[in-house]
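So the sequences go chain by chain: A and B. Read left to right, the first sequence gives residues 0 to 401 (numbering that gives the first Met the number 0). Read left to right, the second sequence gives residues 0 to 401 (numbering that gives the first Met the number 0). Built from N, CA and C at the ideal position, the CB exists for glycine as well.
Number of protein chains: 2
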Amino acid sequence: MTTPIGPRRRRTQKSSSNLKITILCGIVTILVLRGTIGVNRLPDPNDHRQQELLKEANRIVAEIRSGADLDDEPSRISNTTYSLGPKISNWDKDREIWLNQNPNFPNYVNGKPRILLVTGSQPSPCKNPIGDHYLLKSIKNKIDYCRIHGMEIVYNLAHLDTELSGYWAKLPLLRSLLLAHPEVEWLWWMDSDALFTDMIFEIPVSKYENHNLVIHGYPNLLFNEKSWVALNTGSFLMRNCQWSLDLLDAWAPMGPKGKIREEAGKILTENLKGRPLFEADDQSALIYLLIKEKEDKWIMKKVFIENSYYLHGYWEGIVDRYEEMIEKNRAGFGDERWPFVTHFVGCKPCGSYGDYSVERCLKGMERAFNFADNQVLNLYGYGHRGLLSSKIKRIRNDTSSN
Amino acid sequence: MTTPIGPRRRRTQKSSSNLKITILCGIVTILVLRGTIGVNRLPDPNDHRQQELLKEANRIVAEIRSGADLDDEPSRISNTTYSLGPKISNWDKDREIWLNQNPNFPNYVNGKPRILLVTGSQPSPCKNPIGDHYLLKSIKNKIDYCRIHGMEIVYNLAHLDTELSGYWAKLPLLRSLLLAHPEVEWLWWMDSDALFTDMIFEIPVSKYENHNLVIHGYPNLLFNEKSWVALNTGSFLMRNCQWSLDLLDAWAPMGPKGKIREEAGKILTENLKGRPLFEADDQSALIYLLIKEKEDKWIMKKVFIENSYYLHGYWEGIVDRYEEMIEKNRAGFGDERWPFVTHFVGCKPCGSYGDYSVERCLKGMERAFNFADNQVLNLYGYGHRGLLSSKIKRIRNDTSSN
Numbered sequence: 000m001t002t003p004i005g006p007r008r009r010r011t012q013k014s015s016s017n018l019k020i021t022i023l024c025g026i027v028t029i030l031v032l033r034g035t036i037g038v039n040r041l042p043d044p045n046d047h048r049q050q051e052l053l054k055e056a057n058r059i060v061a062e063i064r065s066g067a068d069l070d071d072e073p074s075r076i077s078n079t080t081y082s083l084g085p086k087i088s089n090w091d092k093d094r095e096i097w098l099n100q101n102p103n104f105p106n107y108v109n110g111k112p113r114i115l116l117v118t119g120s121q122p123s124p125c126k127n128p129i130g131d132h133y134l135l136k137s138i139k140n141k142i143d144y145c146r147i148h149g150m151e152i153v154y155n156l157a158h159l160d161t162e163l164s165g166y167w168a169k170l171p172l173l174r175s176l177l178l179a180h181p182e183v184e185w186l187w188w189m190d191s192d193a194l195f196t197d198m199i200f201e202i203p204v205s206k207y208e209n210h211n212l213v214i215h216g217y218p219n220l221l222f223n224e225k226s227w228v229a230l231n232t233g234s235f236l237m238r239n240c241q242w243s244l245d246l247l248d249a250w251a252p253m254g255p256k257g258k259i260r261e262e263a264g265k266i267l268t269e270n271l272k273g274r275p276l277f278e279a280d281d282q283s284a285l286i287y288l289l290i291k292e293k294e295d296k297w298i299m300k301k302v303f304i305e306n307s308y309y310l311h312g313y314w315e316g317i318v319d320r321y322e323e324m325i326e327k328n329r330a331g332f333g334d335e336r337w338p339f340v341t342h343f344v345g346c347k348p349c350g351s352y353g354d355y356s357v358e359r360c361l362k363g364m365e366r367a368f369n370f371a372d373n374q375v376l377n378l379y380g381y382g383h384r385g386l387l388s389s390k391i392k393r394i395r396n397d398t399s400s401n
Numbered sequence: 000m001t002t003p004i005g006p007r008r009r010r011t012q013k014s015s016s017n018l019k020i021t022i023l024c025g026i027v028t029i030l031v032l033r034g035t036i037g038v039n040r041l042p043d044p045n046d047h048r049q050q051e052l053l054k055e056a057n058r059i060v061a062e063i064r065s066g067a068d069l070d071d072e073p074s075r076i077s078n079t080t081y082s083l084g085p086k087i088s089n090w091d092k093d094r095e096i097w098l099n100q101n102p103n104f105p106n107y108v109n110g111k112p113r114i115l116l117v118t119g120s121q122p123s124p125c126k127n128p129i130g131d132h133y134l135l136k137s138i139k140n141k142i143d144y145c146r147i148h149g150m151e152i153v154y155n156l157a158h159l160d161t162e163l164s165g166y167w168a169k170l171p172l173l174r175s176l177l178l179a180h181p182e183v184e185w186l187w188w189m190d191s192d193a194l195f196t197d198m199i200f201e202i203p204v205s206k207y208e209n210h211n212l213v214i215h216g217y218p219n220l221l222f223n224e225k226s227w228v229a230l231n232t233g234s235f236l237m238r239n240c241q242w243s244l245d246l247l248d249a250w251a252p253m254g255p256k257g258k259i260r261e262e263a264g265k266i267l268t269e270n271l272k273g274r275p276l277f278e279a280d281d282q283s284a285l286i287y288l289l290i291k292e293k294e295d296k297w298i299m300k301k302v303f304i305e306n307s308y309y310l311h312g313y314w315e316g317i318v319d320r321y322e323e324m325i326e327k328n329r330a331g332f333g334d335e336r337w338p339f340v341t342h343f344v345g346c347k348p349c350g351s352y353g354d355y356s357v358e359r360c361l362k363g364m365e366r367a368f369n370f371a372d373n374q375v376l377n378l379y380g381y382g383h384r385g386l387l388s389s390k391i392k393r394i395r396n397d398t399s400s401n
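See below:
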């Protein structure tokens, strides 16, 4: 039984309870505030500074982007037919005249046709920061191959036509380059997620004397299965001629973004085996174009579907085999023994989502890059310590007679 | 005056107080937990996925890096003298023999000396993600200039010598390239934070017939003031000859990281005006080397200190004037009227800390890039909508006669 408590003591006890509750409420308030403003720990000054710098950089980039957006005007009234540009019909003749008038810019040098490698990526920083690092490594890889083989490069960071954005951006780019570079015999489009992995192999251009488009793929997948992966537009050659301008004109109509591209996507999914439903992409559109060509076949007779070497090499079956290749083979084959190109289809390191695990993709790309880089460094007497290592070691003794 | 309270009511009141305190404590506990585990709001699924991908990417990159670190062996016993490689004394003769034996690889093409542009950056992703994006834009800028002017590029992502890391990495790289490319007459080192901003200007190589090193700077700053910014090693030409190998050998000793570099830094700060105290950098070391040269002057007589055009153009005085230049001048001057190179000294977009505001640097780089890019896009009939805009507009009507 409790001892009766006098009034003063009850007041003291009550005040004490109130005080406890007040203190607790104060703590609760502070904690709610902490939780809301995200202050979870004592700040590390360096970390804080780094975060601040990062935020500021992002703010400025967003400002740069938004200033750009404000300037955007619609480029075409939507019910007019899309066109890459005014119709050009006489390019073969015009080009021939230009070449004759400019003997210092021949389309063949030392018996080899002049090839211009064309690649590129989005104008803005990658959503996933690691993406820009791999874009950088990818262009370094291409610079190395092209230096060794006497090819020039165009790296595009511009959307020349706002309607043909994303993967379609290559079409207006290719058209512009064909017309601006009559001295170039072949344009070679290569995706930014495709790496050279055979630094010695050269495209056997003499095979293609009678063709204007060289693309990796499988005829049975194209004509029998009508598969949406029958060809790969991640790496292909396009001859500088009227036919190519006509092809681009025939190819472009599914590209304009918005309703046209969405509706075209549905047609492609209905007609191509295995294609998921999404907006029209340039690869599916080209496949569809080749399939539905009628007897005329003006397109197909000039297309060479190449699979005797890895003009495009699907990465998944390649990246685990590099050590085996080093042990058993040598550079120069360009095929499954030593793939010419390793193409990281579906990895999308620049974007938010890929179709494969981040780990598999990044490690695969690192290995492919180093596998290729070794073939260049070896020329200078160096090599990577391992296919996942950026560290370098000497592989050949430096001598005073070098 | 309070009414006396009976025992049962007191127990009830006390239980009620205890309950309130218990509930409050429970809330406090939950809030503390929330604060500690950083759960501040209802998660947005996309945001969460993006964060997950980012974390995973960072984890894999860290794993790739750590696997590399484990392989690292010390490359030199610290009390032996550092050397770039075995002493080479006959390079002029050896190179001449090689050139005679390889007439298909002349060092002069169409009357112009063969120049190899050399640049590079760190092997690992930038600490500041925006850094990789600007490295990418920087190399695209260099690709454009070199394609227009028939120059080849080496983009280095390797530390060929772990002791000469950071800004010193260019020394072993230059030595390797001189020896591996006898067909190259000049190596042109250019920093990754330097952009071409005059796409027409060409280096007046005939000025340098009697010189082996061409570097931007000011003789009075060098010999009178002994200023640590008298020269700039962010953009310089080095002839392929014995003298250059000797220069590299004389230059390298302050470079080995650790105690040597730190002590050398102190010497440089004591001797060069305005130099803050930090480890030895290649630029200060070269300045010091030129200053302390005795009567022999084997080095200085072959060095051309150039300031008649912006072989290096300090960005701060340039980036706000592009619109004025466009209005009053034209490409081709290469000097203050239309700077050949705009060099973002001190911005360090790849690192954590720069000497300038992030805003000023990023906007400056964006403007410089677009100012240069316009000179290339204009050739194709396009241009940026503004110097801060990545958006493109047609500046010339496309016609069917193009």
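Per the C-alpha coordinates, the member of B/Trp-250, B/Leu-387 and B/Ile-152 positioned closest to B/Ile-298 is B/Trp-250.
In this model, B/Gly-165 and B/Leu-310 are separated by some 22 Å (Cα to Cα). Taking C-beta atoms under 8 Å as the contact rule, B/Tyr-81 and B/Glu-162 qualify, at a distance of about 6 Å.
Boundaries of the alpha helix (DSSP H) harbouring A/Tyr-287: 281–291, taken from the DSSP string. Less than 9 Å divides the Cβ of B/Gly-312 from the Cβ of B/Pro-338.
Per DSSP, the unbroken alpha helix (DSSP H) holding B/Met-364 starts and ends at 357–376. Using a Cβ-Cβ cut-off of 9 Å, A/Thr-80 does not count as an interface residue toward chain B, since no Cβ of chain B sits closer than that to its own. A straight line joining the alpha-carbon of B/Lys-136 with that of B/Ser-388 spans about 14 Å. The shortest CA-to-CA distance from A/Phe-370 to any of A/Asn-219, A/Gly-350, A/His-383 and A/Lys-265 is the one to A/His-383.
The three-state secondary structure of B/Pro-128, taken from DSSP, is coil.
Between A/Gln-282 and A/Trp-242, the C-beta spacing is not below 9 Å. In this model, B/Pro-112 and A/Lys-265 are separated by some 56 Å (Cα to Cα).
Nearest CB-CB separation between A/Cys-125 and chain B: below the 9 Å threshold. For B/Val-204, the closest C-alpha among the options B/Phe-235, B/Asn-231 and B/Asn-127 is that of B/Phe-235. Rounded to the nearest angstrom, the gap between the Cα atoms of A/Val-375 and A/Glu-322 is 17 Å. Below 8 Å, enough C-beta pairs join the region 113–126 of chain B and the region 187–202 of chain B to call them touching: three or more. Separation of the CB atoms of B/Asn-109 and B/Val-183 is rounded to 15 Å, and the pair is thereby denied contact status at 8 Å. Annotation: the continuous alpha helix (DSSP H) that includes B/Ile-259 extends over 258–270. Under the three-state reduction of DSSP output, A/Asn-328 falls in the coil class, being neither helix nor strand. Rounded to whole angstroms, the gap between the alpha carbons of A/Ile-147 and A/Met-198 is 8 Å. Under DSSP, A/Ser-234 forms a beta bridge with A/Met-189.
Within the region 176–188 of chain A, the residues whose Cβ lies closer than 9 Å to some Cβ of chain B are Leu-176, Leu-178 and Ala-179, listed in chain order. Counting only Cβ-Cβ distances below 7 Å, B/Leu-244 has no contacts in chain A at all, with the closest Cβ about 10 Å away.
Here B/Lys-92 is exposed, its C-beta having fewer than 16 other C-beta atoms within 10 Å. Taken atom to atom, the span from the alpha-carbon of B/Pro-275 to that of B/Thr-268 is near 6 Å. Going by C-alpha positions, B/Asp-280 is about 11 Å away from B/Asn-231.
Taken in chain order, the complete beta strand (DSSP E) segments of 3 or more residues contained in the region 94–124 of chain B are 114–119. Among the residues of chain B, none has a CB under 8 Å from the CB of A/Ser-164; the nearest is roughly 11 Å distant. Of all residues in the region 357–381 of chain A, those with a C-beta nearer than 8 Å to a C-beta of chain B are Val-357, Glu-358, Leu-361, Lys-362, Glu-365, Asp-372, Leu-376, Leu-378, Tyr-379, Gly-380 and Tyr-381, reading in chain order. Not one beta carbon of chain B lies nearer than 9 Å to the beta carbon of A/Ala-330. With the criterion set as a beta carbon lying under 8 Å from some beta carbon of chain A, the region 203–218 of chain B has no members that meet it. In this structure, B/Gly-257 sits away from B/Ala-193, with a CB-CB distance that is not shorter than 9 Å.
Under the three-state reduction of DSSP, A/Glu-278 is assigned to coil, being neither helix nor strand. Under DSSP, B/Glu-151 shares a beta bridge with B/Leu-115. Using a Cβ-Cβ cut-off of 9 Å, B/Asp-354 does not count as an interface residue toward chain A, since no Cβ of chain A sits closer than that to its own. Taking a C-beta distance under 9 Å as the contact criterion, B/Arg-238 and B/Tyr-207 qualify as a contact pair.
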